[in-house]
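Chains as they are written, first to last, in UniProt numbering: chain A, 1 to 328; chain B, 1 to 477. Here a beta-carbon is modelled for each residue, glycine too, at the ideal position from N, C-alpha and C. Since the model is a prediction, treat every value here as computed from it, not as a measurement.
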Amino acid sequence: MKDALVLVERFTAHPDSRCWHVAWNPTATLMASCGGDRAIRIWGKEGDSWKCLSVLQDGHQRTVRRVAWSPCGTYLASASFDATTCIWKKKNDDFECLTTLEGHENEVKCVTWAPSGNLLATCSRDKSVWVWEVDEEDEYECVTVINSHTQDVKLVVWHPTLELLASASYDNNICVYKEEDDDWECKATLEGHTSTVWSLTFDPSGQRMASCSDDRTVKIWKRFDGAYMTWKCVCTLSGFHERSVYDIAWCRLTGALVTACGDDGVRVFKEDSTADPEQPVFSLAAHVSKAHSQDVNCVAWNPKEAGVLATCSDNGEIAIWKYQDDHE
Amino acid sequence: MASHFSGVLKLTDLDDFITPSQECVKPVKLEKKQGESVAKIQIEDDGSYFQINQDGGKQKLEKAKITLNDCLACSGCITSAESVLIAQQSQEEIFKVLRNNKLASATDQVVVVVSVSPQSRASLAARFGMSSSETGRRLTSFLKGLGVHHVFDTGFSRTFSLLESQQEFLERFQRKEQDKSALPMLTSACPGWICYAEKTHGEFILPYISTTRSPQQMMGSLVKDYFAEAQGLSPRQIFHVAVMPCYDKKLEASRPDFYLEEAESREVDLVITSGEVLSMLEQEKVILNEVKAAPLDELFSNVNGGELLSHAGGGSGGYLHHVFTHTAKQLFGEEVKELTYKTLKNKDFQEVTLEKDGVVVLRFASTYGFRNIQNLVQKLKRGKSPYHFVEVMACPSGCLNGGGQLKPLPDQTSKDLLQQVERLYKAETASLPEDDTRVSDLYHSWLHNVGAERARQLLRTQYHGVEKISNGLIIKW
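(1) What in chain B is Cβ-close to A:Cys142, meaning under 7 angstroms?
(2) Buried or exposed: B:Thr79, going by 16 or more other Cβ atoms within 10 Å of its Cβ?
(3) Indicate whether the contact test is met: 3 or more Cβ pairs, each with one atom in the stretch 260-271 of chain B and one in the stretch 218-229 of chain B, closer than 8 angstroms.
(4) Which one of B:Ser133, B:Phe142, B:Ser120 has the shortest CA to CA distance from B:Ile287?
(5) Is the stretch 295-311 of chain B touching the stretch 330-348 of chain B, taking contact as three or more C-beta pairs under 8 angstroms?
(6) Using a C-beta to C-beta distance shorter than 8 angstroms, which residues of chain B count as neighbours of A:Gly103?
(7) Starting from A:Arg66, follow the beta strand (DSSP E) in both directions and report where the run begins and ends.
(8) Classify A:Ser313 as helix, strand or coil using the three-state DSSP reduction.
(9) Is there a C-beta anywhere in chain B that falls below 8 angstroms from the one on A:Asp182?
(10) What residues are listed by DSSP as bridge partners for A:Tyr75?
(11) Identify the contact partners of B:Lys347 in chain A, using a Cβ-Cβ distance below 7 angstroms as the criterion.
(12) Between the stretch 137-157 of chain B and the stretch 175-194 of chain B, do at least 3 Cβ pairs fall closer than 8 angstroms?
(13) Under the assumption that B:Ala242 contacts B:Val277 (Cβ atoms under 8 angstroms), give the Cβ distance between them as a whole number of angstroms.
(14) Quick check: the Cα distance between residue 399 of chain A and A:Lys322, rounded to an integer number of angstroms?
(15) Return the residue from the list A:Tyr246, A:Trp231, A:Leu165 that minimises the CA-CA distance to A:Trp198.
(16) Could you work out which residue in B:Val112, B:Ser165, B:Ser445 is closest to B:Pro433 when comparing CA atoms only?
(17) Quick one, which of B:Leu281, B:Val360, B:Val377, B:Met393 has its alpha-carbon nearest B:Ala366's?
(18) Taking Cβ to Cβ, would you say residue 479 of chain B is nearer than 8 angstroms to B:Asn302?
(19) So, using beta-carbon positions, are A:Asp214 and A:Asp264 closer together than 8 angstroms?
(20) Can you tell me the Cα-Cα spacing of A:Lys164 and A:Glu179, whole angstroms?
(21) Mind checking which residues open and close the beta strand (DSSP E) that includes A:Val299?
(22) I need the DSSP call for B:Leu339, collapsed to helix, strand or coil.
(23) For A:Arg125, which option in A:Asn147, A:Lys187, A:Trp69 has the closest C-alpha, if you only look at C-alpha atoms?
(24) In whole angstroms, give me the CA-to-CA distance for B:Gly403 and B:Asp55.
(25) Per the DSSP calculation, A:Leu155 is bridged to which residue(s)?
(26) Looking at the C-beta of B:Gly465, does it have a partner C-beta in chain A at a distance below 8 angstroms?
(27) Can you tell me where the beta strand (DSSP E) with B:Gln330 in it begins and where it stops?
(28) What does the Cβ neighbour count give for B:His464, buried or exposed, with the cut at 16 atoms within 10 Å?
(29) Suppose the cutoff is 7 angstroms on Cβ atoms and the five residues either side in sequence are ignored; what does the same chain contact list for B:Asn401 look like?
(30) Quick check on DSSP: helix, strand or coil for B:Tyr247?
(31) If we define contact as Cβ-Cβ less than 8 angstroms, is A:Thr274 a contact residue for chain C?
(32) Quick one: Cα of A:Ala300 to Cα of A:Gly307, how far?
(33) Based on Cα-Cα distance, which residue from B:Phe50, B:Cys399, B:Glu92 lies nearest to B:Gly318?
Structure representation (structure tokens):
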């Protein structure tokens, strides 16, 4: 393991509170972050360093848990513990709140846009997953409410190319949903983790999915399309993380996996290209043990620059890293 | 145990209607002994409690118990609301009442009345391969064999609900310019919808909801007021059971608004589901096909020539159909023979319009299922709802697909079963509420005599916004 993860920049994003999530916009010119201070901050590059361009303070009454950019980059969605999801529209350098999506019973944990751009998914501690549709007039309507989980749903994520949705929950399971007839249904339930599944990420092709859990492991799942769609766990990475693994991201450009851990560390895993595709092998390529002084909550690969990564932490900071692949 | 209640009610959380509180404040009858004895309480390994007296003697202590009525009538209980409701509004309770009746003296006996919904009948009909009317006759025979005195059909009380809904809509339509919350009128027969509306949208949505009672509660009025008086009984002397296609109806029956304070009696004492009737049959080792048919109790049944009748307009009561056709006739002089339903976003969201001279004068919709209810309410909140009337049901595909209906057999798909149930339900001839002479007679003999206020109490109801309780002890993590 001679690859390295080098710190490029570190700055305080949400003073005196947690930074829960950081997201690159599709063109990687901006970042959005959100935190326990109920604010959303928009960051832009000024020369070599990141500057706060805008603070969206009055959108939510409680912690903002997640922000997500629309595929076109014009809209931002924010999910909050106040049980609402706000949709913001970019107007020059600022954002204005277009509408607030209500309906969840309690804390909304995640929001994510479908690649098609006209569907949105949210999930909540109320155990439900909602799919929303937006029309040409920027009106949002609920498409469906799915109750497949028996506990708090931590994350929802869309498949990169197909209209498939996946969710991760405190009930230790992952559910995969598809539209059938005129409603959405859970088509597969992936069991295997022995504790809360915190996050999920699809590989660039969408054939595989990686999950990370409070059970301190990462699992790789492979999709099998037969009469029914099934997912099988083809690899488990254990012994690498000392605490709960809170986030995982699969790089669209390089295929590398990165994890955010409760032991304050950030780890990059690379796939062994010579291994049997039915039994993939991932090895630890880089590890920063004290990436932040507290829990790392989120990891996000830069969608345009290979090897560039953003992380954020309970200590309120955002850090930018460069993964140097020594085998170039 | 997974919740049986409708998806809408599940999300609403039952405990907001029957709230558990930190301590049960219901006094339990104790046998108090005089004296200054100080006793110790010892807990045995099996969990039973023994009182150890000063003289060393041991006495087993009785478990404190309270009845469902007491429990639900007070501010809180120590067990989960849902389990109280399910456990005590079950077929076991009916067997208990029937057993007690057999042992009781003439003065202590109760008259047992069972009101069966057409949807439950259709569900049982599908399972046993009979027509809905034949199922009604066999059920009558089975229930009477157990000791039930009368078996009625809520299709009869539904006639009242449809007539009242028609009337109420016309009143609301006439005052729509002065009263901004007169329209759209939202139906009130579905308790899953009502409880969700009361809890989640409170005072905003309640004025739009029809005050007309559901067929279940109309029957409650009929049985515990008209029938009781006609039979010279007090409401407490009648045990009224309703057979319904869902569990949410159990919650409706336990609403304080349907409790007769003076008589200390519920208008509907107990609700069991179609599935629970099947359990009763299985418990008694009875196969409905082998039961000899008994004549239907025509007093409170929608019958003609010994066959049960239905109402047009789908399996959830036909509110949209009847209010639409009645209004079209009364206000626009149009005789609508057949309604043209337009499917919107999904099959549980349909629209019907009436056009006159190229202008849409009536726009009605039916929204079934949580996602469609969500969108309806959100549009209403933004002032963007184009409808005059909406038939709202919590279950996708409506009441025929309720959570308490019989489940498909191993070789059946849910879809096929639902289609079969729908066919059997529709096979009953449709009757027109306006043409029912027995109902109109009752309007005169029963309701006109008691005066407008009492009639309103018997035919209508009201709603109450539920406050979100932020007591940390009640949050389920």
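To lay it out plainly:
(1) On the first sequence, residue 142 of chain A is found 142 positions in, with the first residue counted as 1. Listed by position along chain B, the residues whose Cβ is nearer than 7 angstroms to that of A:Cys142 are Arg371, Gln374, Asn375.
(2) Position 79 of the second sequence, counted from the start, is the residue given in the question as residue 79 of chain B. With a pLDDT of 43 at B:Thr79, under the threshold of 50, the modelled position of that residue is not reliable, and the figure given next carries that caveat. Around the C-beta of B:Thr79, fewer than 16 other C-beta atoms lie within 10 Å, and the residue is accordingly described as exposed.
(3) Yes: the two stretches touch, three or more of their Cβ pairs being nearer than 8 angstroms.
(4) Against the second sequence, residue 287 of chain B aligns to sequence position 287. The residue with the shortest Cα to Cα distance from B:Ile287 is B:Phe142.
(5) The way I'd put it, the stretch 295-311 of chain B doesn't touch the stretch 330-348 of chain B; fewer than three beta-carbon pairs between them come closer than 8 angstroms.
(6) What you label residue 103 of chain A is simply residue 103 of the first sequence in a count that begins at 1. Within 8 angstroms Cβ-Cβ: Gln374, Gln378.
(7) Residue numbering aside, residue 66 of chain A sits at position 66 when the first sequence is read from its first letter. 64-69 is the span of the beta strand (DSSP E), which, as asked, contains A:Arg66.
(8) As a first step, residue 313 of chain A must be located in the first sequence, where it is residue number 313. A:Ser313 falls in the strand class under three-state DSSP.
(9) One-based indexing of the first sequence puts residue 182 of chain A at position 182. By this cut-off, A:Asp182 is an interface position.
(10) Your numbering for residue 75 of chain A matches position 75 in the first sequence. DSSP, once it has assigned bridges, lists A:Lys89 as partnering A:Tyr75.
(11) Taking the first residue of the second sequence as 1, we reach residue 347 of chain B at position 347. One finds Asp182 in chain A with Cβ atoms closer than 7 angstroms to the Cβ of B:Lys347, taken in chain order.
(12) Flag = no, the stretch 137-157 of chain B and the stretch 175-194 of chain B do not touch.
(13) Numbered from its first residue, the second sequence carries residue 242 of chain B at position 242. Numbered from its first residue, the second sequence carries residue 277 of chain B at position 277. For B:Ala242 against B:Val277, the beta-carbon gap comes to about 11 angstroms, at or over 8 angstroms, which does not count as contact.
(14) Nothing in the structure corresponds to residue 399 of chain A, since chain A is present only between 1 and 328.
(15) In the first sequence, counting from the first residue as 1, residue 198 of chain A sits at position 198. When each option's Cα is compared against that of A:Trp198, the closest is A:Tyr246.
(16) As a working mapping, residue 433 of chain B is identified with position 433 in the second sequence. Selected option, being the one with the closest Cα: B:Ser165.
(17) As a working mapping, residue 366 of chain B is identified with position 366 in the second sequence. According to the sequence displayed, residue 366 of chain B carries Ser and not Ala. Taking only the C-alpha atoms, the option nearest B:Ser366 is B:Met393.
(18) Since the displayed chain B opens at 1 and closes at 477, residue 479 of chain B lies outside it and no answer follows.
(19) Taking the first residue of the first sequence as position 1, residue 214 of chain A is located at position 214. Taking the first residue of the first sequence as position 1, residue 264 of chain A is located at position 264. No, the Cβ-Cβ distance between A:Asp214 and A:Asp264 is not below 8 angstroms.
(20) Mapped onto the first sequence, residue 164 of chain A falls at position 164. Mapped onto the first sequence, residue 179 of chain A falls at position 179. Here residue 164 of chain A is Leu; the residue named in the question, Lys, does not match the sequence. Taking the straight line joining both Cα atoms gives about 8 angstroms.
(21) As a working mapping, residue 299 of chain A is identified with position 299 in the first sequence. Bounds of the beta strand (DSSP E) holding A:Val299 are 296-301.
(22) Stepping through the second sequence from its first residue, residue 339 of chain B is reached at position 339. It is coil, neither helix nor strand.
(23) The residue you call residue 125 of chain A lines up with position 125 of the first sequence. Checked all of A:Asn147, A:Lys187, A:Trp69; the closest Cα to A:Arg125 is A:Asn147.
(24) Against the second sequence, residue 403 of chain B aligns to sequence position 403. Against the second sequence, residue 55 of chain B aligns to sequence position 55. Between B:Gly403 and B:Asp55, the alpha-carbon positions lie close to 56 angstroms from each other.
(25) The residue given as residue 155 of chain A occupies position 155 in the first sequence. Answer is A:Ala168.
(26) Position 465 of the second sequence, counted from the start, is the residue given in the question as residue 465 of chain B. With 8 angstroms as the cut-off, B:Gly465 does not count as an interface residue toward chain A.
(27) Along the second sequence, read from residue 1 onward, the residue named residue 330 of chain B stands at position 330. DSSP places B:Gln330 in no beta strand (DSSP E) but in the uninterrupted alpha helix (DSSP H) bounded by 319-332.
(28) Against the second sequence, residue 464 of chain B aligns to sequence position 464. Flag for B:His464 reads exposed.
(29) In the second sequence, the residue the question calls residue 401 of chain B occupies position 401. Same-chain partners within the cutoff: Cys395, Leu418.
(30) Residue numbering aside, residue 247 of chain B sits at position 247 when the second sequence is read from its first letter. Three-state result, B:Tyr247: coil.
(31) Included in the structure are the protein chains A and B, with no chain C among them.
(32) The residue you call residue 300 of chain A lines up with position 300 of the first sequence. The residue you call residue 307 of chain A lines up with position 307 of the first sequence. It is roughly 11 angstroms from the alpha-carbon of A:Ala300 to the alpha-carbon of A:Gly307.
(33) On the second sequence, position 318 is the one that residue 318 of chain B refers to. Relative to the Cα of B:Gly318, the nearest Cα in the group B:Phe50, B:Cys399, B:Glu92 belongs to B:Cys399.
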